[in-house]
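So the sequences go chain by chain: H, S, U and F.
Quick note, the first sequence lines up with residues 375 to 521 if you use our numbering.
Quick note, the second sequence lines up with residues 375 to 521 if you use our numbering.
Quick note, the third sequence lines up with residues 94 to 173 if you use our numbering.
Quick note, the fourth sequence lines up with residues 94 to 173 if you use our numbering.
This report concerns only the one structure given below.
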Amino acid sequence: MRDVRLLTEAFDPSALVGAFTTANPGLGGVCTFVGEVRSDTDVEALELSHYAPLTLPSMGELADNAFARFDLMGLLMIHRVGQMHPGDPIVCVSAAARHRRAAIDAVDFCMDHLKAAAWFWKREKRDGEWNWIEPRSDDYADLARWA
Amino acid sequence: MRDVRLLTEAFDPSALVGAFTTANPGLGGVCTFVGEVRSDTDVEALELSHYAPLTLPSMGELADNAFARFDLMGLLMIHRVGQMHPGDPIVCVSAAARHRRAAIDAVDFCMDHLKAAAWFWKREKRDGEWNWIEPRSDDYADLARWA
Amino acid sequence: MAVTVIFLGPLRDLAESESIEVAGPLNWEGLLAAVGPEVSDQLQQERVNVACAGEVLSDKTALNAEDGDEVALLPPVSGG
Amino acid sequence: MAVTVIFLGPLRDLAESESIEVAGPLNWEGLLAAVGPEVSDQLQQERVNVACAGEVLSDKTALNAEDGDEVALLPPVSGG
């Protein structure tokens with residue numbers, strides 16, 4: 375079961391992951407990562423923009439690569455675009471597999487690529503001013519682990 | 375938020391993870407692994423036994439080690455004991471952190487230790503006969519990554 | 094019909110525009126001339142990519158856009 | 094009161110019992126003698142641990158259980 379989506383509205387990760395788990399009978403394990411807009415900072419809002427002709431197709435390729443690389447039964451990959459507020463889910467990746475290593479590694483792999491190699495641009499609003507965010511050097515280092 | 379439990383009855387991971395996520399405001403990401411009794415094999419039932427004076431205390435130590443090793447905001451660690459059937463959740467580990475790497479690595483770390491270094495013994499029933507399961511060599515190799 | 098040049102992410106602020114229309118055909122030199130000096134400086138950095146008609150170019154200096162094509166200027170990404 | 098010896102996991106099948114009572118004090122040699130030859134063979138393997146009074150012994154051959162203590166024989170584990 376493969377479910378890759380770009381959403382413009384708020385979503386409920388637990389509902390999506392629940393349906394995804396049910397849709398993969400026989401699994402040994404499911405690993406899920408949910409990223410949210412942090413609320414412990416002075417960020418008032420976060421905006422993610424994308425480029426429609428590339429972004430969703432590249433997420434599909436990323437899913438294909440994860441299926442090719444790991445022994446998966448299913449992969450769910452959801453990414454928000456648009457304006458979000460502290461506490462809102464931004465991204466949800468869930469992988470179902472017979473063995474836990476494939477599920478955990480696939481989530482790790484997809485998150486590293488979504489962070490630093492997918493067609494998204496992020497800016498955040500502090501004190502009423504918008505600033506663009508570049509990937510942290512940690513994000514590039516994480517990505518390099520899979521090369 | 376730290377929640378470590380040994381359960382003798384069936385549980386709903388999504389309800390626990392939902393409550394856990396809510397209990398950690400300000401998080402950047404939550405990683406969750408749920409292990410279930412596989413249903414694609416001819417296993418009729420699975421039984422996990424434990425040794426009460428050691429098992430829960432050792433899970434608590436494992437949680438302490440995860441907090442010491444990773445920059446976590448919260449950790450949920452739930453393990454079933456008793457008899458289970460295909461599709462039943464066995465284990466659920468969820469980690470909340472400011473950054474995804476800590477959350478993902480903490481789940482990976484806890485699962486490797488629960489699999490091969492916690493006081494559980496597993497047997498499965500096939501064709502009406504119970505057989506004890508030892509960790510796979512993969513499980514020992516996974517564990518050795520953290521040494 | 095013309096070539097539409099789209100500015101993504103922080104390039105949008107530099108260009109003070111979401112997109113511009115340029116008469117085709119449009120090559121690399123024409124693109125640099127069309128986008129203004131600030132975006133042109135960015136474009137010449139390795140970390141900025143260019144897509145034409147929905148395909149990221151492996152060599153952006155080989156750009157060859159026809160009227161009707163969309164050319165996207167893609168600065169370093171930050172998702173998740 | 095005596096020492097209670099608990100058999101965990103597959104050792105339970107070998108011992109054909111969940112536990113036995115042995116008069117204290119109980120040392121390593123006494124334990125090996127008390128559990129029967131099959132469990133005794135297993136016990137002498139490095140991968141089998143022994144706990145006494147809720148503590149896993151770093152050197153199981155230094156066992157020194159008193160009446161009232163619980164001694165647990167812990168074969169290789171398999172959780173999750």
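Just so you know, even glycine gets a beta-carbon here, dropped at the ideal spot from N, CA and C.
Residue i, DSSP secondary structure in three states
i         : result
Gln457(H) : strand
Met485(S) : helix
Leu436(S) : helix
Trp504(S) : strand
Gly173(F) : coil
Asp513(S) : helix
Val141(U) : coil
Val132(F) : helix
Gly123(U) : helix
Asp377(H) : strand
Pro103(F) : helix
Arg472(H) : coil
Arg412(S) : coil
Chain H within 9 Å of residue i, Cβ atoms only
i         : result
Pro103(U) : yes
Val487(S) : The residue asked about is misnamed: residue 487(S) is His in this sequence, not Val. It does not: the Cβ of His487(S) has no partner Cβ on chain H nearer than 9 Å.
Thr395(S) : yes
Chain-ordered chain S contacts of residue i [CB-CB under 7 Å]
i         : result
Gly173(F) : Gly409, Ile464, Val465, Met485, Leu488 and Lys489
Gly392(H) : Ser388
Partner residues on chain U for residue i, Cβ-Cβ distance less than 7 Å
i         : result
Pro387(H) : The premise fails here: Pro387(H) is roughly 14 Å from chain U at the closest Cβ pair, so nothing lies under 7 Å.
Proximal residues to residue i (C-beta, below 6 Å), its chain only, five neighbours per side dropped
i         : result
Pro460(H) : Val411 and Ser413
Lys496(S) : Leu422 and Ile507
Ala469(S) : Cys405, Leu446, Leu449, Ala477, Ala480 and Val481
Chain-ordered neighbours of residue i on chain F, where CB pairs are closer than 9 Å
i         : result
Ser423(S) : Leu101, Gly102 and Arg105
Lys496(S) : Gly102, Val170, Ser171, Gly172 and Gly173
Cβ of residue i within 9 Å of any chain S Cβ
i         : result
Val141(F) : no
Gly400(H) : yes
Glu122(F) : no
Arg472(H) : yes
Arg475(H) : yes
Asp377(H) : no
Glu114(F) : no
Ala165(F) : yes
Chain F residues whose Cβ lies nearer than 8 Å to that of residue i
i         : result
Glu508(S) : Pro169 and Ser171
Any C-beta of chain U under 9 Å from that of residue i
i         : result
Pro427(H) : yes
Trp493(H) : yes
Asp513(H) : yes
Contacts that residue i makes with chain H (C-beta to C-beta distance below 8 Å)
i         : result
Ala144(U) : Tyr425, Pro427 and Leu428
Arg339(S) : Absent from the model: residue 339(S). The displayed extent of chain S is 375 to 521, so no value can be given.
Per-residue contacts from residue i into chain H (C-beta, under 7 Å)
i         : result
Gly502(S) : Chain H residues near Gly502(S): none, gap ~21 Å exceeds 7 Å.
Neighbouring residues, chain S, relative to residue i (Cβ below 8 Å)
i         : result
Val481(H) : Cys405 and Ile478
Asp516(H) : Arg475
Beta-carbon proximity list for residue i, same chain, < 8 Å, skipping 5 on both sides
i         : result
Ala155(F) : Trp121
Trp504(S) : Glu421, Arg497 and Glu498
Lys489(H) : Pro509, Asp513, Asp516 and Leu517
Partner residues on chain H for residue i, Cβ-Cβ distance less than 9 Å
i         : result
Asp416(S) : Ordered by position in chain H, no residue passes the 9 Å Cβ test against Asp416(S), which lies about 12 Å from the chain.
Within chain S, the residues that residue i reaches when beta carbons sit closer than 9 Å
i         : result
Gly147(F) : Pro427, Leu428 and Pro431
7 Å Cβ shell around residue i - same chain, five flanking residues per side excluded
i         : result
Ala397(S) : Met375 and Gly448
Glu163(F) : Thr97, Ile99 and Ala146
Ala95(U)  : Glu114, Val115, Ala116, Gly117 and Asp160
Cys484(H) : Leu436, Ala440, Met451 and Val467
Residues within the stretch 446-462 of chain H neighbouring chain U, beta-carbon criterion of under 8 Å
His453
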